[in-house]
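Data first, discussion second: the structure below is written as structure tokens.
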Amino acid sequence: MNVLPVARLTFKELLKEKSFIGLLTGEVFLLFISKLISNVVAGDTVKVAMDFSLTFFFFTVALYSIFSSIGSTFRDISDKVIYLILSKPIRREDYVLGKFLGIVLAVGLFTFLSFFLVTSGILIMSSLAHLYVPHIVIVERIVVVSIFIFFMGVFLSAFGVLLAVFFTSQILAIFSGIFLFLVGLELSPVKEIVTSSKYVSPLNKLIVQVVYYLFPNFSLFDIKDYAVHLAIHIPLTYFFLVFVYFILYVAAVLAVSTFIFDRREL
Amino acid sequence: MKRLFAAFLLVVLAVPFMVEADKIKPCFNKVMPVLPYSYKQVTLSSPGFRSPVADLLFINLCYLTGNDVFNNWKERKFTKEEWSRLIDNVSVIERLDPYYFDPLYYLGAYVSWKVYKNKRLLLKINSLLIKGSRYIKDWRLPFLVGFNYFYFLNDKIRGAKYLEEASGMKGAPSYLKLLVPRLYAESGKIDFAIAVTYEELNKTKEKPVKEELERRLRALLAIKRLNEALSVYRRRYGRCPSNLQELVRVGMLRSIPKEPYGGRFFIRKGTCTVWTTSDLRPVKSTPSSR
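So the sequence lines, in the order shown, correspond to chains A and B.
Taken in order, the first sequence gives residues 1413 to 1678; the numbers are from the working numbering.
Taken in order, the second sequence gives residues 853 to 1142; the numbers are from the working numbering.
Right, dumping it as structure tokens:
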């Protein structure tokens, strides 16, 4: 398998991208916004600052994963780099897997740097706050949240690669990626609302149930509250179940991606 | 360069039009309405943003209730309907982020005082606080519920129940341990008050609180003894005595026990039960009673 050369090439290429440093800079800006918003709330300002910082962190990683995975694959095709790569003894599935691995490395580095920025920002905001009852910040909890955000990024990257090999328009692929992500975040509340409503027909309830089971559930990776509220405890079983779900689903998405790419006319 | 200068000139020329248009733009009512938020709409329109949206809704609530304090130095007067909507909005916030303490504190410590005449709204606040205390282990939540019950709703037994819960929680002030038996005693549940005081005495390690609880226990036991004598008297004579001295006169008591707080025991005519002028609090004129 010649996965590693493609992965190395993708990783290096993604680090040179403006979006990498651009989104990180944007994150610093969003941290300032979080601080400003937290200033206008009554009571626990650190809680509000953490809510916003971690939400921005979550969405920045998601956007980076979508843009980098779709952008990088499309660029290879539009710049004809793909012909150069495939002229070497590299199979098409090796290319897809290598691409994915390189994106995962870039997303991992991006998540790590974001974690560093966000945690530093939160600790600074916490030290500046003068609260009657201090809000305790536990960095280990932010680490756990960051690991979940990384998994979510990897999950989205797998979908990014799939969309990039499936669609012939980059814009369409990016919008589909964002749509998929937002729908995946809403699955649980939509199912909860629809199934408990007496105004929704049984057929629509069934459709929602089917979509709930088949669509990727990104809300599983959204455990930001765990870092904010110390009263929340997540059982180890939850981590295990999410990890298994993540591995199985990513493997399935990659299988479909390689299947489509093998048959695609370049 | 000419083109840039022309562009600048065009922008400058556009400014007076913008200023004039801005002046005659239809203006919305300056008093911000209290909009009712729906949990379903908020959840569906903000994927992944549940906690920040909860924060923003709370900021909005604070702004609504505090805005006029800053502008006109007087509080905004809300209608009953608006208060009800504000409380409903806190319920939406709590569904979005059940571990968020500040909106509940805002309800219990501020809104309760504004709607205390409306029993329905007070009960609504209490149910939200009780729901919140399932997630947030903070003594102030059951305390606020208990306070609303005994102070505004005049339900001392329920008030005492929640205050008892609060007094057992981490960080609760020691005076709660004393307040609970007093509320039970005031509502006529002397045996309950004695039991709670005993329980607290066994749990408490702080010396001043222990001493205070012992004094409370002495007072409660004295009330209990007097009440027992009173019921024997009523059974025998079929009426309530006019004062406690009568119990001594007929030989049911050797003497009236000393009131540990420096007050005086007396008979409440309506219920024919014994109570004290001190209300189980140290009487200021006799500090030596400690």
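Cβ coordinates follow ideal geometry from the N, Cα and C atoms, glycine included.
Problem - Top-ranked residue by Cα proximity to A:Val1415, from A:Lys1610, A:Arg1504, A:Ala1664 - result: When only C-alpha atoms are compared, the closest one is A:Arg1504.
Exercise for the section: Identify, in the order they occur along the chain, each residue of the same chain with its Cβ nearer than 7 Å to the Cβ of A:Phe1512, setting aside the five sequence neighbours on each side. Expected result: Cβ neighbours of A:Phe1512 beyond the five flanking positions: Ser1569, Ala1570, Val1573, Leu1666.
Practice task
Kindly list, in the order they appear in chain B, the residues whose Cβ is closer than 8 Å to that of A:Val1418.
Solution key: Under the 8 Å cutoff, chain B gives no residues; its nearest Cβ is about 32 Å from A:Val1418.
Practice task
Measure from the C-beta of B:Leu908 to each C-beta in chain A and report whether the shortest distance is under 9 Å.
Solution key: Judged by the 9 Å Cβ criterion, B:Leu908 is in contact with chain A.
Practice task
Give, in chain order, every residue of the segment 971-999 of chain B whose Cβ lies closer than 9 Å to some Cβ of chain A.
Solution key: Residues Tyr987, Ile988, Lys989, Asp990.
Exercise for the section: Taking A:Phe1464 as the query, report the chain B residues whose CB atoms sit under 8 Å from its CB, ordered along the chain. Expected result: For A:Phe1464, the residues of chain B that pass the 8 Å Cβ criterion are Pro904, Asp907, in the order they occur in the chain.
Problem - CB contact check: B:Lys892 to chain A, cutoff 9 Å - result: At least one chain A Cβ lies under 9 Å of B:Lys892.
Problem - Option nearest B:Val963 by Cα separation, candidates B:Thr917, B:Arg986, B:Leu993 - result: The option with the nearest alpha carbon to B:Val963 is B:Thr917.
Handout entry: Beta-carbon separation (whole angstroms), A:Ala1419 vs A:Ile1482, contact threshold 8 Å
Key = Contact flag wrong, Cβ pair sits at about 17 Å.
Handout entry: B:Thr1049 (DSSP reduced to helix, strand or coil)
Key = In the structure shown, B:Thr1049 adopts helical secondary structure according to DSSP, grouped into three states.
Handout entry: Candidates A:Phe1471, A:Asp1463, A:Val1452, A:Lys1424: closest to A:Gly1438 by CA position
Key = Of the candidates A:Phe1471, A:Asp1463, A:Val1452, A:Lys1424, the one whose C-alpha sits nearest the C-alpha of A:Gly1438 is A:Phe1471.
Exercise for the section: Give the residues of chain B in contact with A:His1641, contact being defined as C-beta atoms less than 7 Å apart. Expected result: Within chain B, the residues near A:His1641 are Tyr951.
Problem - Nearest residue (CA-CA) to B:Leu1105, options B:Arg1088, B:Arg1091, B:Arg986, B:Glu1080 - result: Considering only alpha carbons, the answer is B:Glu1080.
Exercise for the section: List the DSSP bridge partners of B:Thr1148. Expected result: This structure leaves residue 1148 of chain B out entirely; chain B is present only between 853 and 1142.
Problem - Exposure label - B:Val894; buried when at least 16 CB within 10 Å - result: That one is buried.
Handout entry: Contained alpha helix (DSSP H) runs [length at least 4] in the segment 1053-1098 of chain B, N- to C-terminal order
Key = List check, alpha helix (DSSP H) in window: 1059-1089.
Practice task
Could you list which residues in chain B have their beta carbon closer than 8 Å to that of A:Thr1467, in chain order?
Solution key: Neighbours of A:Thr1467 on chain B, chain order: Gly900, Phe901, Ser903, Pro904.
Exercise for the section: Would you kindly report the start and end of the unbroken beta strand (DSSP E) that includes B:Arg1120? Expected result: B:Arg1120 -> beta strand (DSSP E) spans 1117-1120.
Problem - Cβ neighbours of B:Ser943 in the same chain (closer than 6 Å, five flanking residues each side left out) - result: Excluding positions up to five away in sequence, the list reads Leu980.
Problem - Where A:Phe1471 meets chain B, residues with beta-carbon distance less than 8 Å - result: Within 8 Å Cβ-Cβ: Gly900.
Handout entry: Cβ of B:Ala889 within 9 Å of any chain A Cβ
Key = Correcting the residue type first, residue 889 of chain B is Tyr in the shown sequence and not Ala. Taking Cβ atoms only, chain A never reaches closer than 9 Å to B:Tyr889, which makes this a no.
Problem - Beta-carbon proximity of A:Asp1634 to A:Leu1594, cut-off 9 Å - result: Not a contact, by the Cβ cut-off of 9 Å.
Problem - Coil, strand or helix - B:Trp965 by DSSP - result: DSSP places B:Trp965 in helix when its eight states are reduced to three.
Problem - Secondary structure of B:Thr1128, DSSP reduced to three states - result: Note: B:Thr1128 maps to strand in three-state DSSP.
Exercise for the section: Kindly say whether B:Tyr957, judged by its beta-carbon, lies nearer than 9 Å to any beta-carbon of chain A. Expected result: Chain A, which has a Cβ nearer than 9 Å to the Cβ of B:Tyr957, makes this yes.
Problem - Partners in chain A for B:Leu1015, counting only beta-carbon separations shorter than 9 Å - result: Ordered by position in chain A, no residue passes the 9 Å Cβ test against B:Leu1015, which lies about 20 Å from the chain.
Practice task
For A:His1542, count neighbouring C-beta atoms within 10 Å of its own C-beta (all shown protein chains included) and say buried if the count is 16 or more, exposed if not.
Solution key: Exposed, since its Cβ has fewer than 16 Cβ neighbours within 10 Å.
Problem - C-alpha gap between A:Ile1583 and A:Leu1599, whole angstroms - result: A:Ile1583 and A:Leu1599: Cα-Cα distance of roughly 24 Å.
Practice task
Count the other CB atoms, across all protein chains shown, that sit within 10 Å of the CB of B:Tyr1113; report buried if there are 16 or more and exposed otherwise.
Solution key: B:Tyr1113 is buried by the Cβ-count criterion.
Exercise for the section: Drop a sphere of 10 angstroms on the beta-carbon of B:Asn1095, count the other beta-carbons inside from all chains shown, and report buried for 16 or more, exposed for fewer. Expected result: It is exposed - the Cβ of B:Asn1095 has fewer than 16 other Cβ atoms within 10 Å.
Handout entry: Coil, strand or helix - B:Gly1020 by DSSP
Key = Coil, per DSSP.
Exercise for the section: Keeping to the same chain, check which residues put their C-beta closer than 7 Å to that of A:Thr1485; ignore five residues upstream and five downstream. Expected result: For A:Thr1485, where only same-chain residues beyond five positions count, the Cβ hits under 7 Å are Lys1511, Val1573, Ala1576, Val1577.
Problem - Test: A:Leu1626 CB closer than 9 Å to a CB of chain B - result: Chain B contact via Cβ: absent.
Practice task
Run the CB neighbour count on B:Met853, radius 10 Å, all protein chains shown included, and call it buried at 16 or more, exposed below.
Solution key: Flag for B:Met853 reads exposed.
Exercise for the section: Taking only heavy atoms of the ligand GTP into account, decide whether any of them is closer than 8 Å to the Cβ of A:Leu1517. Expected result: Annotation note on the ligand GTP: not contained in the displayed structure, which lists no ligands.
Exercise for the section: Could you spell out where the alpha helix (DSSP H) holding A:Met1462 opens and where it closes? Expected result: Here the alpha helix (DSSP H) through A:Met1462 covers 1457-1490.
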